[in-house]
Structure formats: C-alpha cells, structure tokens
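To convert a position in the sequence shown, counted from 1, into my numbering, add 23.
Cβ atoms here follow ideal geometry from the backbone N, Cα and C, with glycine treated the same way.
See structure below.
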Amino acid sequence: MPPSPFVSLLLLLLLFLVHPLPPSLASVSPSPCDPHYERRNATTGRCDCRDGFRGLNCRMCTPQSPSAPDSCRTAFGPDVSCVTGLTYDAHASLKTYDCVLAANLQALVPHGALAVQCDRTAATCAAAVFRARQSLHSVHVIDCRLTQCAFATGDASGACAEIQCTCGPQCSALTKALVEHVLSGKRAAIDVTNGSQLAIDVEGSPLPLAATCEASACERTRPSGSGSSGASGSASGGGGGDGRKRHWSWAVVGAALLLLVGVGAAAAAVLLCCRGTWVDCWTVWTRRKALGNKVVASRVVQTFEFQDVSCFGDSHGPVSGTPRRILHRISGRVAHGQVLGLLGPSGSGKTTLLNALAGVDNGQCQVTGDLLLDGKQLSNGYRRIAAYVQQDDALFSTLTVRECISYSAQLRLSANMSEDEKDTHIDRVMAELDLSQVAHSRIGSVGDRSGQRGVSGGERRRVSIGMELVTSPQILILDEPTSGLDSSSAHSVVQLLRDLAGHGRIVILSIHQPSARSFVLLDKILLLGKGKLLYTGAPAESKPYFEDLGFKCPEHDNTADFILDIASDTKNIPMIRSHMKQDGPFRRLHATVPRHASTSPMLTTETSSLMEEDLQLDTPRVETMWSVPAGSEKTFVESKIDGIPASCGASYSPPPATIAAAETDAIGEDMETPSRSIVVEVRVLFVRTTQNILRHRSLLVMHVALSLSLALFGGLIFNHVTNDLAGFQNRMGAFYFILTFFGFASMSSMDLFIGERSIFLRETGAMYYGAFSYFLAKATLDTLLLRILPASLFASIFYWIMGLQASTTRFLLFSLTLVLFNVAAGAICLLVGVLSRRVGSANLVATVVLLVMLLFGGFLLNSQTMPSSVGWMKHLSIFSYAFEILMTNELKGLILEFDAPGYPAVPIYGEVYLKTLGMEYANRYYDVAALALIAVSLQVLAFLFLSLQVPVHRDIAERCEDGDGLRHAKKEEYTGAVRASREGRLYTSMRQVH
C-alpha cells in the first residue's frame, strides 16, 4: 500500500532533519576506467573525467564552440559528435543529465544537485542526489536505480516499472528505512516539461524530485535529413510529451452527455405520444399522410342536452359506505343560439356541473350521466368542440391583447392555415369582442410596478373568451365570467355572450347575482341549491313559478336576488323538489324557444356568413362527435382507423379539413384534433417564453449582474493565490463559496412553474399544447439564460483573476463544472417547484435539500471520516462531485509548500492534500458524468410530475351491460347510490386524454 499522507509528511521532515556529516573522499574505483571518457588519477586512484566530459560516469560531453572543440570528435573521431537536448530521437540510446535541484528542495538538501543517466537500450536509469559543493564524486545523499524504463522516440519523458533507492551515511536510521523500504519498489516516472524541467515522480511520494537539467551524449553523425538534430530535439521536447497527449476522455464524456440528453428527450416524447404498443404508434404515424388531402362538411349543433348528471365525492366525517353526493341527477337542455345561465348560492355545485359539462376533472369526484348532441351520445372528442373559460383570467401580464389571442391561434389552429389566414381570423375575433382598440395594450396585473397600466377587468375577461373563440367552438362554457367586475362591465360581458350566441353558438355560463338587465339577457336559467335542481326554464317565468309555490317577492326586488334567496335557504329545498316531482321538471325546459328565433338570421337553416367563415377553420365539428352505436365492439378510434387504440394517438389527430368527407356516415367517428406537430408547439412556446423573459428581464439581469460582480469581487479577494498552506485553504474556500453561490442562486427556478401554474393548467386543459412542449421550452430557456450564461461569465472572469493554473484544458474543465453544477442545482429546484404549490414552502424544502447536500460536499465534513450509516449520502450531493472536480483540476501536478510555522517550507505534491480530503484526480470524468446524469434525470423526473398535473378530461368511455349500475368495481362502489334510467346508461370515467 502507498504510504499515507501523514507518513509522507513525516518523511519530508525526517529528510530535512538528516545529520550533515563531513564529506568523505571518494573511494577508489574498483573497476577499470573507460579510456574514452575517464582517466585514472594517480594521486587519488579514482577515475576522473577527461577534458570536455563531466556528469555521472563522465558521459556528458561538451559541444563544439569557438573556445573549445567538440569533445566527442576529439575522443572518437570525426564521425561522432556531441548532441545536446533531453528528447530521444531514433538514434539516441543513452543520455546523461546534469541538474540543479528545484529551489523548494534546497531546504532539504542545501546546494543540492541531481545527476541522472538513462540507457535506453538497457532500459535502466541511475540517479544520484548529492551536494554540488562536494562534487559528484563525494558521498551521495541518495542513490537510486530505475529498471524497465521506456522512452518513446520523439519524447523526453519516460516511465519505469520499479525504483530502488539507498540512503547514504548522511541519513538517520529512520530516514534510511523510509527511503529504502517505503519508496523503493514503487513505480516511477521521469517527466520533462518546458524542455529542461525534469522531475522523478515516485508513486506514493509526497513530493517530486524536481530539477532544472541539461543533457548531452556522444552520437554518431547522422546523414542530412535523416532526423532532427539533438538541439532541435531539445526544442521539441519543450512540452515534455504532455502537449501530445490525447485527451480522449473528453470525447467520451461529451458523447455520453449527448447520449443522455437524447435518450431523455426520446423517452419523454415516447411517454407523451405513445401509450399503446410500438406497432400502434407507428400505425398512427404512418396514417397521418393518408388523411392529408381530404375535406369534411360541417353542420351546426342544434341542441345540447345533459341528463341525470350526478357527482359523487369522498364522504366526510365517519366512514360511510355511500359516497357523498355533490350533484343530484341534474338535467337540462339548451338549443342553438341560446344562453343558459346557472344560478345558485355559493356551494350549490355550479362549477362542479360546468366541469362535468366541459369534461374537465377536478380530481375530487366521480361523475355519471348522459351528454347528448342533437339526441346522440358523445364520443371522446367532445372536449375539443366545447370551449371552457374558467373563472380566473390566467394570462401573461407581459403580453399584449393581440399576442395572447395570436399565440392561442398559432397553437390551436391547423398548421395548414397560412399566417395571413390566421391573422385575418384573429382580427375578426378581436372585432367581435370589441378589443381592436386595445390590441397592443399589455394585459398587466394587479399591483404591477412596471409603470405600464394594463387593460381593465372586463377587457381581460374578453381576452380570455377570445382565446377560446379563436377555434370557433360550437359550445362555449364559462365559469363566473362576471366575477370581480363592476355592474357595467359585468353587463357588457353578458351582452357580449348574448351576441356570441346569436352568431350560432350554444353558451352556458354560471353567474352569481346578475343585475336585472343582465338577467333578462339569458334565454333560460337553471337554479341549483345544495347540488339539486330547483328550477329550469325562462328567466321571466321564474318569479311566477316560485310565487305559485307560496314565496313572496318583495316589491322592487330583483328577480335574480329573489330566487337566489330562496335557494340559499336549505329549508326550502325539500318542498321545491317535492313540487317538481309532481309538476314535472321539464315542463318549462322543452317549451322554451330562443327569444331571437323569429328575428335573428343567424338561426335560420342557412348559416350566416360568419358561420361560413368559422367552418373554414380546422376546428372539430359535431358530425365527428357521435358515439358508437350500442352493441358495437369497436372503439371510437378503431371505427376511424382499424387497429389503433384511442390512447396511442391522443396527442395527434387530423383536423376536420383533412378528414374524409366521403359519403360515409359520420356517426361512430372519433373526434380528430387539428394537425399540429410538436415542433410547432415548441417553437411557439419558445418564442412566447423568450418574449416574457425579455419584457420581465429583472431576473435575468440580476443573475448576470450578480455573477459578474461576484466574479470581480471574489477574484480580487483571492487574487494571485499562493502555493502554500494559505493558498491551499484559499482555493478550498473559493471553490466552495462559488458552489454555494450558484447552488442557492438556482432557487429562482422554483418559480418557473409555480408562477405560471394556473396558465399551464388552463392551456393544457384546453389542449393548447402538451406538457412536453411546455416543459421543453421553459426548461431550455431557464438552462440557457439563467444557468449556462451566468456560470460561463463567472468562470471567464474569476478563473484568471484568481490566478489558477494557466491551462486551457483546466479552464475549460473548471467552466464545464460550474455550468453542470448550476444546471443540476437548477434541476433540483425545478423539481421542488413542480411538486410545490406555493413559493414559500418550495423555498423551505429547497433550502433544506441544498443544506444537506452542502454538508456532505466534502468541505465541511471529511468524506473519509463520515459514519458509514450516512456516508452514502455524499453520492447524492452535487456539491461533492463538483468540489472534487474543482479541487483535483487545480491541485493535480501543483507543488505546494508545507510552511508550518516554525519550520522551513517543505514542497509537497498537491495530490497529498487531495488524499487527505479523500479525492482522486482519476474521478474527474466520473464526476462530470454524474453531474450531467443528475441534471438530466431530475429534469426528466420534473417533467413526469408536471405531466401528471395536466387536467384530466372525463370522457364517456364505458357502456354498462346491465341497467342497474356500474359494472365491475364501480358497480359495487355506487350500488344504492346510482340507478340507471335505461339500458345503455354511460359512465364517465376519469381517463387522461391529451
């Protein structure tokens, strides 16, 4: 085993404390002198170097100069010359080095020198450390022999399999044991840099034996052009071979990152697009073109009817076998051109009923009932022709009125429409809603401090309606469209809806306390109390109806207030319901005729010009909405394309403009969506998100400004970091400070989805786009603008001001680490934001997660001393991976002085410090891959959780075989709670359809 860092430090101190003995005379050489290089000294009896030769075994020569001849030519003849330089060419076999120990080693060996001789043919090297003032022939401090050495042609560096060292008499007994037993037998490398800097690096040694060297050897003269000269070899060896090392690992890491991103994106796309088998999804894909150039005729919906709509939720209080009933068999009917208003006190079930009619699931109840268009059951695509405007106007405050409607059109209309056609349609919708005068006004928000006033509340409500009207829906459902508006604005909204119904639409809205003039604009009303139907019919008939039941309307009281007061008193509900059972709840319902039927040209059998223009849009129409006839074994989609399950093609369906108009019957065909690729969705969302960021640029500016400021400030604080203990501490502190800054700055990602959750839920519920398109656009821009850009700017400034190792490769790894760490930290906060409902709770959770990761990052707690029960947590910490990369990237190959107070400075490899922290330079690419994998995995996980939040559409999907309830588990759950009225009763299951 290699010696521990503490043993290595002890070795250094012992080497420094060796006893300097007086130099002894050289012993008489037992072997004969080489006559070419040496001659025997008659006085001392030892072999001295001949004139012009020096170094170990006198093998270093003196090249020709004006003052002296070439010593090799003198000794061997004209065919041999003195070649200098540390690089081995094809003809070089032996080199002798004469070196002066590095300045930081002079504290250990005053006036220390190093002599090295390497025989390339014999694959051996000899090295001796001695005191220069005592000459090479004096007693050496350390003598070493290296075996199985290899030197590549054209390189100055080499590697040896084993080193054996002996310590001279100047060493103490303990130092002698350490040198001869601890260091001996290890691998060793001879590294040459900058042409003359040589270092013998022994495995496990705390410091390199570094020196500045020169080398020479006698070699036979080579023919011209046969190779580079020794001098040129010296120049070529300036890089010591390091510059020619190929960093193939970078290519491997890059390829791995691209692969991870590609696999993650592909997996997400498959999850979004394909819920069936691969064959099913391929069939959908290949049949898109088959439906490409066909046309469909459209007809206007005449009646929309809902029968026995009930809603069951979880029971409150003690456990009960019967679910809590929220809606009690509500029925109603509204005709083409009519406005149906749902009235009732708070908690009466108006929004629940609207959700059921719109096919939107709130996740809190199960719904049963029948939805009929012109007397026929609906299929899965009903939600695509019924636009639902929810109560809250979830709009981007930075967008203009026209941009909101335009983005809705780009996302929802067919890609086959030209931009001019879309613009014309947008202008028509805005004119219909009287929004042309505020087309370029920003939406704004309550308390907006941007200094720009937004549109009024009534105009915001019209924008919400316009975003739905852009697809020309035949049924428009609105939840409290007058909520929060003054009386005048509320009346203008109701008047607008009255006009929209007159253009050939069915309008259903819930309304709370309408004014008298708004109340009379409704064609019919439906009054609810505690989830029960209390009245349905014409508004004008409501007052006499309740007066006939014994209720008295105060003089000058609004009729709407009168009937709402009746419905608010729960004591009145049993009596009203009893009277309805006797009188028949649909007496007024079927007798009601649209008030404008005789005068409005919109309600004739011929469609108006406005309706004809609507029909040109690629918007789903009613003929493709009819359900499969009872007894048919095919699913709705299978009746359109044999063999394709409904779940597989849910995210793509051809538009009506591309569906066959053939003479085939439209009954039994499933609803098809406009042809729109995911590329279009991503492009539109990318542009919209970029526009929002640039108009609300404070967060982007803050990220960039803080990164630049802290890079300058931190760089100046740690400027020109030193290579000693203080420098080691400063490097650790600087790196961990950087990671902490970017880790907590990434918490801005949490508001990425929390702030837009209402918009996301509304738009995905209305099928503007899929969760994948939205996530890809948002996460990509967040990564590019708020993660990569600030980290790159910070690294470019801080790295060079602090004075870290001036190497392009190390700088790039430093920058890559900061970018990946910032992206990974952003992914953590992104996931927390997706799972959280409020920013406050998300901040708390993210702070705790980051603090735990910070604790196991390797700075506050040594990884080698962590208890085994919690030590595994360091593998979950992004701080641990990034900190190891930054530390090893900087300290590898760096020599730091161990300058303990009261002791001379001792040079130590940076790797010694790394080992004390439990870090390895070889782990750097593993750490890079780990950061990338964490970032990608967390983002994929965030997408999956986000996709689960997409509103569920309840579609009529199952037929019960018997008429007494719901089959299988549903039958047992609701036995005694639901009685079907006839065979073929449908149960609306909560199934996701994107």
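Is it buried or exposed, residue i, if we count other Cβ atoms within 10 angstroms and call 16 or more buried?
i: His134; result: exposed
i: Ser90; result: exposed
i: Ala524; result: buried
i: Gly756; result: exposed
i: Lys575; result: exposed
i: Leu739; result: exposed
i: Asn378; result: buried
i: Val710; result: exposed
i: Val478; result: buried
i: Glu786; result: buried
i: Pro192; result: exposed
i: His867; result: According to the sequence shown, residue 867 is Leu rather than His. By the neighbour-count rule (16 or more Cβ atoms within 10 Å), Leu867 is not buried but exposed.
i: Met1024; result: Since the displayed the chain opens at 24 and closes at 1017, residue 1024 lies outside it and no answer follows.
i: Glu503; result: buried
i: Ser511; result: exposed
i: His726; result: buried
i: Asp214; result: buried
For residue i, which of helix, strand or coil comes out of DSSP?
i: Ala234; result: strand
i: Ser75; result: For the sequence presented, residue 75 should be read as Gly rather than Ser. Coil.
i: Asp592; result: coil
i: Glu226; result: coil
i: His351; result: strand
i: Arg811; result: Reading the sequence as shown, one finds Ile at residue 811 and not Arg. In the structure shown, Ile811 sits in a helix (DSSP, three-state: H, G or I).
i: Gln140; result: strand
i: Ala146; result: coil
i: Met440; result: coil
i: Leu394; result: strand
i: Gly135; result: strand
i: Met896; result: helix
i: Val543; result: coil
i: Ala115; result: coil
i: Leu839; result: helix
Below 6 Å CB to CB, which residues in the same chain sit around residue i once its five sequence neighbours on both sides are set aside?
i: Pro231; result: Ala222, Asp224
i: Leu456; result: Arg485, Gly489
i: Ala410; result: Glu491, Pro496, Leu499
i: Arg810; result: Asn845, Val846, Gly849
i: Lys897; result: Phe879, Ser886, Ser903
i: Ser900; result: Met876, Phe879, Gly880
i: Leu1021; result: With the chain covering only 24 through 1017, there is no way to say anything about residue 1021.
i: Lys118; result: Cys141, Ala238, Ala240
Measure the beta-carbon distance from residue i to residue j and round it to whole angstroms, keeping in mind my assumption that it falls under 8 Å.
i: Leu937; j: Tyr948; result: Contact flag wrong, Cβ pair sits at about 16 Å.
i: Gly467; j: Ser420; result: 5 Å
i: Cys183; j: Ala211; result: 5 Å
i: Thr712; j: Lys801; result: 6 Å
i: Leu350; j: Val324; result: Actually they are not in contact, since the Cβ atoms of Leu350 and Val324 sit about 23 Å apart, beyond 8 Å.
i: Phe906; j: Phe882; result: 6 Å
i: Cys194; j: Leu206; result: Cys194 to Leu206, Cβ: 12 Å. No contact.
i: Thr176; j: Asp112; result: 6 Å
i: Asp416; j: Arg483; result: 5 Å
For residue i, collect the residues of the same chain with a Cβ closer than 7 Å to its Cβ; drop the 5 residues on either side in sequence, then sort them by chain order.
i: Cys95; result: Cys84, Val103, Ser104, Cys105, Cys241
i: Ser506; result: Gln414, His535
i: Ser815; result: Ser838, Val842
i: Val1020; result: Outside the displayed span of the chain (24 to 1017) sits residue 1020, for which this structure offers no information.
i: Gln361; result: Ala524, Ile529, Asp546, Lys547, Pro617
i: Pro930; result: Asn127, Leu128, Leu230, Ile918, Glu920
Between residue i and the rest of its own chain, which residues show a CB-CB distance below 8 Å, the 5 nearest in sequence each way excluded?
i: Ile596; result: Gly552, Lys553, Lys555, Leu557, Ala590
i: Asp805; result: Ser772, Leu775, Gly849, Leu853
i: Leu843; result: Ala905, Val951, Leu954, Ala955, Ala958
i: Ala928; result: Asn127, Ala130, Asp747, Glu920, Phe921, Asp922
message: Using 8 Å as the cut-off, can you tell me whether the region 226–242 makes contact with the region 121–131, which would need three or more C-beta pairs spanning the two stretches below that distance?
response: yes
message: Three or more C-beta pairs under 8 Å: does that hold for the region 912–926 against the region 748–765?
response: yes
field: Segment contact, 8 Å Cβ cut-off, at least three pairs: the region 388–398 with the region 516–530
entry: no
field: Inter-stretch contact at 8 Å, needing at least 3 Cβ pairs: the region 138–148 / the region 165–180
entry: yes
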